[in-house]
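Asker:
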DNA sequence: CCTCCTGAATTTGCATACAAACAGTAAAAA
DNA sequence: TTTTTACTGTTTGTATGCAAATTCAGGAGG
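Chains as they are written, first to last, in my numbering: chain A, 344 to 561; chain B, 344 to 561.
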């Protein structure tokens, strides 16, 4: 019985969950652009589920802010205007600041090392000028910091906002200067985490997000 | 055509929305206690809707954190343990601090006066020792502050967390000392808002929530 | 007395059926 | 020509039906 924990149970996930995840991925990846009409008949055919679980997925994604329900007229992928994007990032900044402070106190050395590893992988992509790869690890680091705050509610709240923001693809128009600065800031954040400097990390994370917003709005 | 704006349109709200709101109210009000099993047949009879919109409501409330879905075994009102309560309040504290800072810059004098009015109504209930009435206006004030931050995402995020927390009824065991202190803190918060003192309000709101949590955990 | 089985009754998950709302088109009226 | 109306196909909202999963009562075996 040595490998009991490795045997994944044969779970039959509810179809509405599966549909929700699939749709959310499609939206976050941008394969379903903002404003796209979500035709039920079409999607039932593509996903291979009936309308009931699909419509349940719509409702879930609507409360997550991913889609918008137009009564009697179906659902569309929720548009993400600059105002809402800015608002969302402001909230995420406040959450990250809290998360960083908590992580300073809560995170184990092993967890910090995990973040450091991600940091170096990110540096590699930065060195190569690979924006997509950089972005992926950048995301991963921020998510880890929030996760290692140890506050589950914080993590879930952050993750939801993050999903909504990712599809905006705002990183696309990132200047070389801002990119380099962001990488430097990440270095400082990591150092502050390692030093368990609560006040410093709070400021750094707030500023990091604020800088992102500033460069975005310009 | 003078009163065009007063004529409320004949809206036929979708049943799933109606069901969601009704259920949410029942849960927040505590009429459906945490852990209560939500029997579909029973609720369809009580709400007068069929299973489809009811089940859609379950999904929505589940993503809001109000109910928990047990696959193949129905839904229960999500339990609210002290850990999760504390975590939620911590997040709300960070959000309020941000909201207060934004409100300092954004809120109009008229909006501040609205908050002041609520404050005095709250003081009246405090003077009478009416905890329920006090609590109601206390909630209203905090919500207004977040609302007048002008950040819609912030407001929605806060409101959702707040709904989840309200049903914990933690204010029930509030010491006279803590109550008085909370009222004093509210006075300071209002003063800082009026003075547009961003840094002060940030500290005050963070502390206010932290004090609430501290008294709660004791 | 407790544990384990078995089958009926209940309950959920999903698919489908039906009715209401909407959208588009073409003819009739202005 | 423009507007209105009537009609028709499409899409959504809700109810219901069926199969699978779960629960529970009762009895056999330990």
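Cβ coordinates follow ideal geometry from the N, Cα and C atoms, glycine included.
Since we're looking at a predicted model, the values are computed, not measured.
Is the separation between the beta-carbon of residue 533 of chain A and that of residue 440 of chain A shorter than 8 Å?
Answerer: Counted from its first residue, the first chain places residue 533 of chain A at position 190. Counted from its first residue, the first chain places residue 440 of chain A at position 97. Contact: no.
Asker: For residue 399 of chain A, which residues in the same chain have their Cβ closer than 7 Å to its Cβ, ignoring the five residues on either side in sequence?
Answerer: As a working mapping, residue 399 of chain A is identified with position 56 in the first chain. If we look at residue 399 of chain A and ignore the five residues flanking it on each side, its Cβ neighbours are 359.
Asker: Going along chain A in order, which residues have a C-beta closer than 8 Å to the C-beta of residue 427 of chain B?
Answerer: Position 84 of the second chain holds residue 427 of chain B. Near residue 427 of chain B (Cβ distances below 8 Å), the residues of chain A are 495 and 496.
Asker: Run through the DSSP bridge pairs and tell me what residue 524 of chain B is partnered with.
Answerer: By 1-based counting over the second chain, the position of residue 524 of chain B is 181. Bridge partners of residue 524 of chain B: none, in fact.
Asker: At a Cβ threshold of 8 Å, is residue 485 of chain B touching chain A?
Answerer: In the second chain, the residue the question calls residue 485 of chain B occupies position 142. No - not a single Cβ of chain A is within 8 Å of the one on residue 485 of chain B.
Asker: Could I get the ranges of all uninterrupted alpha helix (DSSP H) runs contained in the segment 436-468 of chain A, with 4 residues as the minimum, in chain order?
Answerer: Runs of the alpha helix (DSSP H) inside the segment 436-468 of chain A: none found.
Asker: In the DSSP assignment, find the unbroken beta strand (DSSP E) run with residue 418 of chain A in it and report its ends.
Answerer: For the purposes of this step, residue 418 of chain A is taken as the residue at position 75 of the first chain. Run containing residue 418 of chain A: 418-420, per the beta strand (DSSP E) assignment.
Asker: Taking residue 429 of chain B as the reference, which of B:535, B:420 and B:511 has the closest Cα?
Answerer: Reading the second chain from its first residue, position 86 is the one you call residue 429 of chain B. Measuring from the Cα of residue 429 of chain B, the nearest candidate turns out to be B:511.
Asker: Assuming residue 491 of chain A and residue 453 of chain A are in contact, meaning their beta carbons sit under 8 Å apart, how far apart are those beta carbons, in whole angstroms?
Answerer: Stepping through the first chain from its first residue, residue 491 of chain A is reached at position 148. Stepping through the first chain from its first residue, residue 453 of chain A is reached at position 110. Incorrect: roughly 10 Å between the Cβ atoms, too far for contact.
Asker: Could you run through the segment 405-435 of chain A and flag, in chain order, every residue whose CB is less than 7 Å away from some CB of chain B?
Answerer: Here the close residues are 406, 407, 414, 427, 430, 431, 433 and 434.
Asker: Can you pull out the residues from the segment 379-397 of chain B whose beta carbon lies closer than 8 Å to at least one beta carbon of chain A?
Answerer: Under the 8 Å Cβ criterion, the segment 379-397 of chain B contributes 395.
Asker: Who are the near neighbours of residue 496 of chain A in its chain, counting only those whose CB is closer than 7 Å to its CB and skipping five residues on each side?
Answerer: In the first chain, counting from the first residue as 1, residue 496 of chain A sits at position 153. Result list for residue 496 of chain A: empty, nothing under 7 Å.
Asker: Give the residues of chain B in contact with residue 361 of chain A, contact being defined as C-beta atoms less than 7 Å apart.
Answerer: Counting from 1 along the first chain, the entry for residue 361 of chain A is found at position 18. Chain B residues near residue 361 of chain A: none, gap ~12 Å exceeds 7 Å.
Asker: Roughly how many angstroms lie between the CA atoms of residue 410 of chain B and residue 475 of chain B, to the nearest whole one?
Answerer: As a working mapping, residue 410 of chain B is identified with position 67 in the second chain. As a working mapping, residue 475 of chain B is identified with position 132 in the second chain. Cα-Cα distance, rounded: 25 Å.
Asker: Looking at the secondary structure, which residues open and close the beta strand (DSSP E) in which residue 410 of chain A lies?
Answerer: The residue given as residue 410 of chain A occupies position 67 in the first chain. Its beta strand (DSSP E) spans residues 410-412.
Asker: Kindly list, in the order they appear in chain B, the residues whose Cβ is closer than 9 Å to that of residue 402 of chain A.
Answerer: Against the first chain, residue 402 of chain A aligns to sequence position 59. Within chain B, the residues near residue 402 of chain A are 359, 363, 399, 400, 402, 403 and 406.
Asker: Could you name the residues that DSSP lists as bridge partners for residue 381 of chain A?
Answerer: Mapped onto the first chain, residue 381 of chain A falls at position 38. The partner list for residue 381 of chain A (beta bridge, DSSP) reads A:418.
Asker: Start and end of the alpha helix (DSSP H) containing residue 482 of chain A?
Answerer: On the first chain, residue 482 of chain A is found 139 positions in, with the first residue counted as 1. Start and end: 474-490.
Asker: Okay, do the segment 391-405 of chain B and the segment 356-376 of chain B touch, 3+ Cβ pairs below 8 Å being the bar?
Answerer: The segment 391-405 of chain B is in contact with the segment 356-376 of chain B.
Asker: Could you list which residues in chain A have their beta carbon closer than 9 Å to that of residue 560 of chain B, in chain order?
Answerer: Mapped onto the second chain, residue 560 of chain B falls at position 217. Here the premise fails: no neighbours, minimum Cβ distance about 15 Å.
Asker: Within the chosen definition, does the segment 515-525 of chain A reach the segment 542-561 of chain A through at least 3 CB pairs nearer than 8 Å?
Answerer: With a cut-off of 8 Å, the segment 542-561 of chain A and the segment 515-525 of chain A count as touching, because enough Cβ pairs lie within range.
Asker: Hey, residue 434 of chain B and residue 504 of chain B are a contact pair by Cβ (cut 8 Å); roughly how many whole angstroms apart?
Answerer: Here the question's residue 434 of chain B lines up with position 91 in the second chain. Here the question's residue 504 of chain B lines up with position 161 in the second chain. That pair is a contact at about 6 Å.
Asker: Can you give me the C-alpha to C-alpha distance between residue 423 of chain A and residue 500 of chain A, rounded to a whole angstrom?
Answerer: Within the first chain, numbered from 1, the residue matching residue 423 of chain A stands at position 80. Within the first chain, numbered from 1, the residue matching residue 500 of chain A stands at position 157. If I take the Cα positions, the gap works out to 18 Å.
Asker: Looking at the C-beta of residue 556 of chain A, does it have a partner C-beta in chain B at a distance below 8 Å?
Answerer: Mapped onto the first chain, residue 556 of chain A falls at position 213. It does not; no Cβ of chain B falls within 8 Å.
Asker: For residue 412 of chain B, count neighbouring Cβ atoms within 10 angstroms of its own Cβ and tell me buried if that reaches 16, exposed if not.
Answerer: Walking along the second chain from the start, residue 412 of chain B turns up at place 69. Looking at its Cβ environment, which holds 16 or more other Cβ atoms inside 10 Å, residue 412 of chain B is buried.
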